[in-house]
Each structure stands twice: as C-alpha cells, then as structure tokens.
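Residue numbers (the working numbering): 25 to 160.
Just so it is clear, CB atoms sit at the ideal spot from N, CA and C, and this is done for glycine as well.
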C-alpha cells in the first residue's frame with residue numbers, strides 16, 4: 025500500500041499547533057551530510073546511510089507516536105524509501121497493543137519547506153541558524 029504525502033502547509037500547521045513534538049508527532053529527517061544546512065524544529069535526524077542499522081530501535085522508540093513524517097532534501101528518494109522501509113518493519117514487529125500510526129512523507133522535502141517558511145510573520149516559522157523555529 026503506497027504511503028501518503030503531507031504538504032508543507034499542513035506540516036507547518038501541526039508544528040504551530042498545540043501538539044507536542046515527539047509525543048503527538050515526529051518529523052524524521054533522513055538527510056545525510058546535507059542536514060547541516062538547517063532542519064525543522066524538533067525533527068530527529070536519522071541519516072539514510074545508517075537508517076537500516078537503527079531500524080528496529082526506531083520502530084520501538086516511535087511506536088507510541090501517532091504521526092510520523094519522513095523527509096529528505098526533496099522527498100524524492102531517501103525520505104519515501106525510509107518511510108516505506110519503516111512502515112514495512114513496523115508492520116512486521118507491531119503487536120495488538122500498539123497504537124495506530126500514520127506515516128507520511130513531506131511533499132517537496134526540506135528544500136521546498138525551507139523556501140516557503142524561511143521568513144514569515146510572528147507566530148509562524150522562520151529559519152534561524154541550523155533550525156526552523158517557531159517564533160513566540
């Protein structure tokens with residue numbers, strides 16, 4: 025079953041909402057060396073080069089998070105591949121006690137998200153050195 029995508033606007037709405045990162049949702053950034061150019065606030069970097077090495081730990085660590093969003097620079101190869109592999113492994117390991125989990129891919133990846141949300145009005149997202157932060 026193919027995985028679905030989430031728009032940058034929808035992700036920004038989640039980040040700006042009262043939802044708690046790493047509890048209500050998690051953004052997984054699978055970029056490798058290109059991660060150094062910035063990241064989405066509260067995202068977790070799991071480089072694609074070591075993704076498989078950490079897969080079982082990731083499935084176990086994320087199992088209580090109802091929404092997991094994967095991305096890479098453009099969400100064309102690494103992000104979708106990681107999301108698919110994660111989803112397949114989760115389905116193999118999950119038990120009846122595990123909560124339902126929605127797994128999505130950020131449409132356009134970090135590049136498109138950063139271009140759109142780099143500078144916005146107060147209360148929105150903007151790029152600060154190495155991170156996209158919510159302004160108070």
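As a beta-bridge residue in DSSP terms, residue 95 pairs with 53.
The three-state reading of DSSP puts residue 27 in coil, since its state is none of H, G, I, E or B. Taken through DSSP and simplified to helix, strand or coil, residue 123 comes out as coil. Distance between residue 32 and residue 120, taken at the CA atoms: about 32 Å. By alpha-carbon distance to residue 137, the top candidate from 112, 45, 75, 51 is 51. Contact between residue 27 and residue 127 is confirmed by a C-beta separation of about 6 Å, below the 8 Å threshold. A distance below 7 Å between beta-carbons, with the five flanking residues on each side excluded, links residue 97 to the following residues of its chain, in chain order: 55, 58, 133, 134, 135. Beta-bridge pairing by DSSP links residue 68 to 52. Residue 90 carries a coil assignment under DSSP once its states are collapsed to helix, strand and coil.
Non-local beta-carbon contacts of residue 89 in its own chain, meaning distances under 6 Å to residues more than five positions away in sequence, involve 50 in chain order. Segment contact: the segment 105 to 119 against the segment 59 to 68, fewer than three CB-CB distances shorter than 8 Å; contact not assigned.
In its chain, beyond the 5 residues on either side, 53, 59 have a beta carbon closer than 6 Å to the beta carbon of residue 69.
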